[in-house]
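Beneath this line is the structure, given in structure tokens, with notes to follow.
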Amino acid sequence: MSISRIAQGSSALTSAALLLWSGGAHAEYALNMPRGVTTISHDVYDLHMQIFWICVIIGMVVFGVMFWSIYHHRKSRGAVPAQFHESTVIEVLWTLIPMLILIAMAVPATKTLIRMYDTRDADLTIKVTGYQWRWQYDYLDEGVKFFSTLATPQSQIRNATAKGEHYLLEVDNPLVVPVGKKIRILTTAADVIHSWWVPELGWKKDAVPGFINEAWTEIQKPGVYRGQCAELCGRDHGFMPIVVKAVPEAEFQQWLAQMKAQNATPTASDSNPRTMQSNTDSPTVVGGQTL
Amino acid sequence: MSAASHATDHDHDHDHGPAQGLSRWLLTTNHKDIGTLYLLFSLTMFFIGGSMALVIRAELFQPGLQIVDPYFFNQMTTLHALVMIFGAVMPAFVGLANWLIPMMIGAPDMALPRMNNWSFWIMPFAFTLLLSTLFMPGGGPAGGWTLYPPLVLQTGQAFPFVILAIHMMGVSSIMGAINIIATILNLRAPGMTLMKMPLFVWTWLITAFLLIAVMPVLAGAVTMLLTDKFFGTSFFNAAGGGDPVMFQHIFWFFGHPEVYIMILPAFGIISQIIPTFARKPLFGYASMVYATASIAFLSFLVWAHHMFTVGMPLRGELFFMYATMLIAVPTGVKVFNWISTMWHGAMTFETPMLFSIAFVVLFTIGGFSGLMLAIAPADFQYHDTYFVVAHFHYVLVPGAVFSIIAAAYYWLPKWTGHMYDEKLGQLHFWLSVIGVNVLFFPQHFLGLAGMPRRIPDYALQFAEFNMVSTIGAFLFGFSQLLFAYNVIQTIRGGAKATDQVWEGAHGLEWTLSSPPPYHTFTTAPEVK
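Protein chains in written order, with the numbering used here: chain A, 184 to 474; chain B, 74 to 601.
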């Protein structure tokens with residue numbers, strides 16, 4: 184690395200620090216899993232919190248006993264070591280009690296899992312295909328199909344301009360879906376394995392080339408929900424975001440009609456995937472030359 | 074005993090000291106020398122793999138791409154994992170096994186000394202080969218250490234070299250494991266029954282069986298990758314009738330037992346150290362042995378919890394969820410036993426004990442997040458995020474690595490005959506324990522908030538915790554230089570260590586002089 188590169192890095196560092204303090208375009212940081220916008224995501228969140236608190240309580244008891252012992256049973260306080268080294272009763276107890284806790288956790292987990300696997304009676308089916316490095320959405324019964332690609336400009340990634348609010352989580356064509364409808368999502372891939380994940384929907388599903396996976400969602404609240412590819416898929420794995428725009432049914436139908444009209448004439452968003460994969464198309468490669 | 078009187082006392086040609094110069098290390102069949110080689114090799118790899126981690130953390134210090142290209146970033150994540158798992162953690166445990174198992178069971182050496190030499194000397198070649206791929210056209214492997222196809226098949230010219238390097242590591246591990254089993258089962262001193270063996274020996278016996286069971290599975294999986302790439306087979310190619318997910322099943326059938334290969338010997342080490350500094354026998358020795366065996370058995374039944382999102386049938390998900398949750402029981406038993414060992418002891422807190430206590434606490438935190446990850450519906454959110462990164466680094470760094478460091482401080486006086494610098498050791502401990510938590514704890518938050526793993530750049534809401542994590546990484550990484558310094562100084566000199574070294578230490582190795590003679594227990598001791 185050249186000196187100028189280091190200097191560049193350190194100036195970027197200072198500006199980042201300044202940006203941090205000033206707030207700037209920084210989004211709020213989060214500590215926990217989002218509760219999400221579907222009944223499933225609420226169930227998943229509740230499971231997550233339930234097991235988290237169980238772990239916290241067990242941890243407090245176990246570490247509490249341990250640190251009490253560390254404080255009181257130390258040689259410098261004149262402790263004399265006892266010589267006991269087994270107790271069948273207590274050993275059976277601390278095998279059985281965890282078993283019971285585990286069974287108590289397995290019951291709600293099983294229920295949620297069964298619900299997540301029930302993809303029957305969907306109102307709408309969308310096929311999601313992962314490409315290196317973009318997503319293609321195909322509304323199977325509607326004949327609407329388009330690519331969705333990172334919209335963050337190169338200059339922001341290379342720190343030449345200030346980063347926008349949705350840095351790396353913005354696309355040219357979002358996936359538009361109606362609220363209050365059960366949507367079946369089929370995932371597959373054209374090249375390597377990808378994984379389609381929007382945290383607010385409560386799950387991710389791998390997109391495997393040659394195979395089709397099923398999942399479903401029913402979004403309660405209109406809004407824009409953002410996610411990313413979650414399975415390492417090569418150089419620009421970090422640069423293939425997902426944006427889901429949930430709108431009321433009427434607005435969705437309007438959008439669908441508009442897309443169908445557009446489809447009559449071919450658009451740039453539906454071009455040959457072979458060109459899509461060319462090196463110059465990589466979001467982090469400029470003019471065929473890597474940074 | 075001086076060399077001269079030694080020679081006159083027993084004039085056997087196997088009773089000589091070490092050869093001089095380089096040939097001592099190249100040709101050695103002595104378990105102590107080979108143990109030393111393994112440990113120094115491991116320390117070297119720890120720093121190489123650590124430097125790669127610092128490249129990763131430096132790039133992630135702030136949003137945007139600033140230091141490395143995304144493809145090079147992927148090479149770093151891939152090689153960091155391969156180097157740390159196969160180059161740092163596993164050889165460190167084999168090195169400890171070499172040094173300690175013969176001394177603990179009263180054996181003169183390992184059962185198969187020449188194979189022992191070979192299994193070590195494969196390693197430097199395997200890693201030279203692996204690291205040289207960084208300089209090949211197309212760069213090193215960048216598909217992740219899990220080598221999932223079809224992505225891994227996009228690797229450049231490095232691909233066959235990576236596969237060969239993995240085969241070499243596998244051969245080395247299998248030979249090491251055979252040697253350990255042969256030694257433990259055949260060379261125990263009279264009276265050293267299985268249920269009298271120190272726990273470190275027990276955990277290694279079980280680990281060695283795991284190694285023999287799963288390393289060939291990995292070899293098979295990577296060979297199938299090789300034939301898919303060069304010989305037109307379609308094991309993992311859907312277009313030819315194969316299945317990319319089948320690779321993941323085979324890989325994790327190796328990979329999950331592999332996780333326990335890296336933690337069971339750590340359990341053994343901690344079970345040696347805590348009783349010493351609590352001055353009280355280990356609580357529940359028999360249940361420790363049974364818990365280790367149960368964990369090893371269950372490790373073969375849980376592999377698909379690494380694959381909850383690949384689209385398995387519901388019944389598969391449920392089976393692997395329940396089986397995985399079950400592992401919490403024997404693991405819990407171990408933690409309870411360690412705490413009961415401390416209970417009503419008379420504890421002192423020298424460096425090995427400090428690292429052991431940190432191990433118990435932080436490994437348990439890693440166990441908790443592991444339990445959370447076992448819950449399949451919740452795992453759909455956690456999977457492939459920084460939550461997983463935080464989880465496995467908690468069990469591997471303050472878990473496996475802390476146990477190795479604890480072992481080094483604990484037995485170094487025995488090996489070298491010198492006490493290490495206790496003040497420096499404690500400083501190293503505090504910097505490490507603070508550094509490791511600043512490094513990995515915020516990664517739980519990042520993962521829950523939605524940051525995927527293995528990305529070189531991230532959205533702005535992840536900026537704060539990434540910055541904190543990177544600061545922790547540099548603190549932790551550079552603190553390890555204190556460890557290297559302390560170890561080197563102890564080898565070179567220092568206060569004389571007594572034979573027992575620690576007031577509460579029990580076991581055959583502490584009956585030997587510090588340092589022990591080049592050949593020990595040529596006459597088997599009697600164990601009552």
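Even for Gly, the Cβ is constructed at its ideal location relative to N, Cα and C.
Keep in mind that this is a model prediction, so the values were computed, not measured.
Among B:139, B:483, B:231 and B:161, nearest to residue 343 of chain A - alpha-carbon criterion: Ranking B:139, B:483, B:231 and B:161 by Cα distance to residue 343 of chain A puts B:139 first.
Under the three-state DSSP convention, the category residue 263 of chain A falls into: In the structure shown, residue 263 of chain A falls within a coil segment according to DSSP collapsed to helix, strand and coil.
Residue 592 of chain B versus residue 293 of chain B: straight-line alpha-carbon distance, rounded: Roughly 39 Å between the two C-alpha positions.
Neighbouring residues, chain B, relative to residue 382 of chain A (Cβ below 7 Å): Here the neighbours are 454 and 523.
Cβ neighbour criterion (16 or more within 10 Å) applied to residue 406 of chain B: Residue 406 of chain B comes out buried.
Residue 336 of chain B in three-state terms, based on DSSP: In the displayed model, residue 336 of chain B falls within coil according to three-state DSSP, outside both helix and strand.
Neighbouring residues, chain A, relative to residue 24 of chain B (Cβ below 8 Å): Any question about residue 24 of chain B goes unanswered here, given that chain B covers just 74 to 601.
C-alpha distance - residue 309 of chain B paired with residue 379 of chain A, whole-angstrom precision: The C-alpha of residue 309 of chain B lies about 21 Å from the C-alpha of residue 379 of chain A.
Beta-carbon spacing of residue 288 of chain A, residue 366 of chain A below 7 Å: No, they are not a contact pair.
Other residues of its chain near residue 597 of chain B: CB distance less than 7 Å, five sequence neighbours each side excluded: In its chain, beyond the 5 residues on either side, 179, 262 and 263 have a beta carbon closer than 7 Å to the beta carbon of residue 597 of chain B.
Distance between residue 408 of chain A and residue 272 of chain B (C-alpha atoms, nearest Å): Taking C-alpha positions only, residue 272 of chain B is separated from residue 408 of chain A by approximately 52 Å.
Close Cβ partners of residue 202 of chain B (< 6 Å) along its chain, the five nearest in sequence each way excluded: Exclusion of the five residues before and after residue 202 of chain B leaves 234 and 238 as the residues of its chain whose Cβ lies within less than 6 Å of its Cβ.
Check whether residue 222 of chain B and residue 317 of chain B have beta carbons under 7 Å apart: Yes. Within cutoff.
Chain B contacts from the stretch 335-349 of chain A (Cβ-Cβ distance under 7 Å): Shown in chain order are the members of the stretch 335-349 of chain A whose Cβ falls below 7 Å from a Cβ of chain B: 340, 341, 342 and 346.
Beta carbon of residue 540 of chain B nearer than 7 Å to that of residue 531 of chain B: Cβ atoms of residue 540 of chain B and residue 531 of chain B: not closer than 7 Å.
Three-state secondary structure assigned by DSSP to residue 356 of chain B: Three-state result, residue 356 of chain B: coil.
Proximal residues, the stretch 280-303 of chain A versus chain B, C-beta separation under 8 Å: Sequence-ordered contacts of the stretch 280-303 of chain A with chain B read 281, 282, 285, 288, 289, 292, 293, 295, 296, 297, 299 and 300 [C-beta pairs closer than 8 Å].
Anticipated Cβ contact below 8 Å, residue 351 of chain B with residue 264 of chain A, distance rounded: Their Cβ separation, rounded to whole angstroms, is 7 Å, which keeps residue 351 of chain B and residue 264 of chain A in contact under 8 Å.
For residue 240 of chain A, the nearest candidate out of B:438, B:601 and B:575 (CA to CA): Residue 240 of chain A has its Cα closest to that of B:438, out of B:438, B:601 and B:575.
Sequence-distant residues of the same chain with beta carbon closer than 6 Å to residue 550 of chain B, five excluded per side: Here the set comprises 123 and 127.
C-beta atoms of residue 176 of chain B and residue 256 of chain B nearer than 7 Å: Not a contact, by the Cβ cut-off of 7 Å.
Residue 317 of chain A, enclosing beta strand (DSSP E) - first and last residue: Boundaries of the beta strand (DSSP E) around residue 317 of chain A: 317-322.
Proximity to residue 359 of chain B [Cα-Cα], best of B:374, B:341 and B:552: That would be B:341, whose Cα lies nearest to the Cα of residue 359 of chain B.
Other residues of its chain near residue 357 of chain B: CB distance less than 6 Å, five sequence neighbours each side excluded: So the qualifying residues of the chain are 410.
Expected contact under 8 Å - CB spacing of residue 442 of chain B and residue 463 of chain B to nearest Å: Indeed they touch by this definition, with Cβ atoms about 7 Å apart.
Three-state secondary structure (DSSP) of residue 96 of chain B: Residue 96 of chain B falls in the helix class under three-state DSSP.
Assigned secondary structure, residue 354 of chain A (DSSP; H/G/I helix, E/B strand, else coil): In this structure, residue 354 of chain A counts as strand in the three-state DSSP scheme.
is_contact[residue 386 of chain A, chain B] using C-beta, thresh 7 Å: Cβ-Cβ to chain B under 7 Å: yes for residue 386 of chain A.
Secondary structure of residue 381 of chain B, DSSP reduced to three states: Of the three classes helix, strand and coil, the one that applies to residue 381 of chain B here is coil, per DSSP.
Cutoff 6 Å; reference residue 288 of chain B; Cβ partners in own chain excluding five residues on either side: Cβ within range, chain order: 243, 246 and 247.
Simplified DSSP assignment, three categories, for residue 341 of chain B: In the structure shown, residue 341 of chain B sits in a helix (DSSP, three-state: H, G or I).
Whether residue 440 of chain B touches residue 397 of chain B by CB criterion (7 Å): No; because the gap between Cβ atoms is not below 7 Å, this pair is not in contact.
Closest residue to residue 574 of chain B among B:491, B:461, B:565 and B:536 (Cα-Cα distance): Of the listed residues, the one whose Cα sits closest to residue 574 of chain B is B:491.
Contacts around residue 417 of chain A, its chain only, beta-carbon distance under 6 Å, and the 5 residues preceding and following it disregarded: 315.
Under 7 Å from the C-beta of residue 425 of chain A: neighbouring residues of chain B: Simply none; closest approach about 11 Å.
Beta-ladder partner(s) of residue 396 of chain A, from DSSP: Per DSSP, A:370.
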